[in-house]
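Worksheet: one structure, shown below.
In the numbering used here, the protein residues as written are 1 to 332.
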């Protein structure tokens, strides 16, 4: 074996580090794709930030590749291994960039189709967004259902609810829902009583007249990786999504990979939203924790994360147009 191809202590170290980065990347990809470690502490939280994770792994791999090339004591095998891992992580970063949608201005959204139901979900961070800002967005989008996470219905003042809407809420739960007047009347049929701020369920007063609305705001995972309360909230949503005619919306503080096979009960993620949090950083490095989930009777016609100038909250709003699903050629 030529001297330059013989393994050295430095070369072996570089190969081991590169291999470790490759294993971490494969484990992470399995979490994104099949839900491996979906509720496993800090790893569960990391699944919300593929842009940051792949960027960090790529940066570390490029450092290893640079050391392998620059060092005369590293073997050719070390350069090949570190270079291969860097190439793979670069590909993962490019794919992540390609599949991450961009936020869009509210004015660019076309009118929904005649049979579509438009839902707007926005974590307005208590009083960070003024009633005027909230109502301007409602006026622009004309949604049928609005879910304001982190807004207590009991704190609403005169003028906070725009004309043409009825507000719903539950004392002690930081979620307010506005429903357009042209939808059937609703009633609160269930609310989370676990002690965690999770949400409540609206059911049409006339059975079957309109879909159930599961409005949510789950507890974020702790900085120590404790996801107990967040996971309890996800399980609660799954229980409320036992109906095939349910729609869940709001701030989940979770992404689709945190949900078994991307589902909670009968509900599944409507489509891929651009990352909505935090609004202060580029979407590529954010987390799509605001979401709309739909049951089997609904499909997404259009979804978007909104680029709203002058945001004061740390969440971008999201909007989804959902339409009755076609099953075996018949609308349900």
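Note that the Cβ used here is the ideal one computed from N, Cα and C, for glycine as well.
CA-to-CA distance, residue 138 to residue 317, given in whole angstroms:
11 Å
Close-in-space but distant-in-sequence residues of the same chain around residue 78 (CB under 6 Å, 5 per side omitted)
11, 14, 15, 68
Quiz item: Would DSSP call residue 314 helix, strand or coil?
Solution: coil
**Prompt:** Between which two residues does the alpha helix (DSSP H) carrying residue 139 extend?
**Reply:** Per DSSP, residue 139 is one residue of the alpha helix (DSSP H) stretching across 131-141.
Taking C-alpha atoms, which residue in 281, 246, 250 lies nearest to residue 299?
Among 281, 246, 250, the Cα nearest to that of residue 299 is on 246.
inquiry  = With three or more C-beta pairs closer than 8 Å as the rule, is the segment 138-156 touching the segment 105-125?
reply    = yes
Within the segment 101-183, note down every full alpha helix (DSSP H) run reaching 4 residues or more, in order along the chain. Those alpha helix (DSSP H) runs which fall completely within the segment 101-183 and span 4+ residues are 131-141.
Kindly indicate which residue of 55, 175, 121, 62 has the alpha-carbon position closest to the one of residue 306. Residue 306 has its Cα closest to that of 121, out of 55, 175, 121, 62.
- Message: At the level of alpha carbons, what is the spacing between residue 176 and residue 192?
- Response: The alpha-carbon atoms of residue 176 and residue 192 are separated by roughly 14 Å.
With residue 262 and residue 256 assumed to form a contact (beta carbons below 8 Å), what rounded beta-carbon distance in angstroms separates them? Your pair residue 262 and residue 256 checks out as a contact, with CB atoms roughly 4 Å apart and the cut at 8 Å.
| request: Using three-state DSSP, classify residue 301 as helix, strand or coil. | output: strand
| message | Does the contact criterion of 3 or more C-beta pairs under 8 Å hold for the segment 220-237 versus the segment 32-47? | response | yes
request  = Per DSSP, which residues does residue 203 bridge with? Please list them.
outcome  = DSSP lists 187 as the bridge partner or partners of residue 203.
* To do: For residue 295, count neighbouring Cβ atoms within 10 angstroms of its own Cβ and tell me buried if that reaches 16, exposed if not.
  => buried
Within the continuous beta strand (DSSP E) that includes residue 292, where are the two ends?
290-294
Cβ shell of residue 62 (< 6 Å), same chain only, five flanking positions each side left out:
So the list reads 86, once near-sequence residues are dropped.
Can you give me the C-alpha to C-alpha distance between residue 125 and residue 133, rounded to a whole angstrom?
Cα to Cα, the separation comes out at about 13 Å.
(message) Taking only three categories from DSSP, how would you classify residue 14?
(response) Looking at residue 14 - three-state DSSP - the assignment turns out to be helix.
Tell me the rounded alpha-carbon separation between residue 76 and residue 88. 18 Å
Check whether the Cβ atoms of residue 150 and residue 123 lie closer than 8 Å to each other. yes
Which term fits residue 237, buried or exposed, when burial requires 16 or more other beta carbons within 10 angstroms of its beta carbon?
-> buried
- request: Measure the CB-CB distance between residue 187 and residue 321 and report whether it falls below 8 Å.
  value: no
Once you ignore the five residues that flank residue 302 on each side, which residues in its own chain have a CB closer than 6 Å to its CB? The residues are 321.
Point to revise | Secondary structure of residue 236, DSSP reduced to three states | key: Three-state DSSP puts residue 236 in a helix.
(message) Whole angstroms are fine: how far does the CA of residue 220 sit from the CA of residue 264?
(response) 18 Å
In DSSP terms, what residue 277 is bridged to:
287
Review point. DSSP beta-bridge partners for residue 323?
Key: 299
Which residues does DSSP pair with residue 231 in a beta bridge? DSSP lists no beta-bridge partner residue for residue 231.
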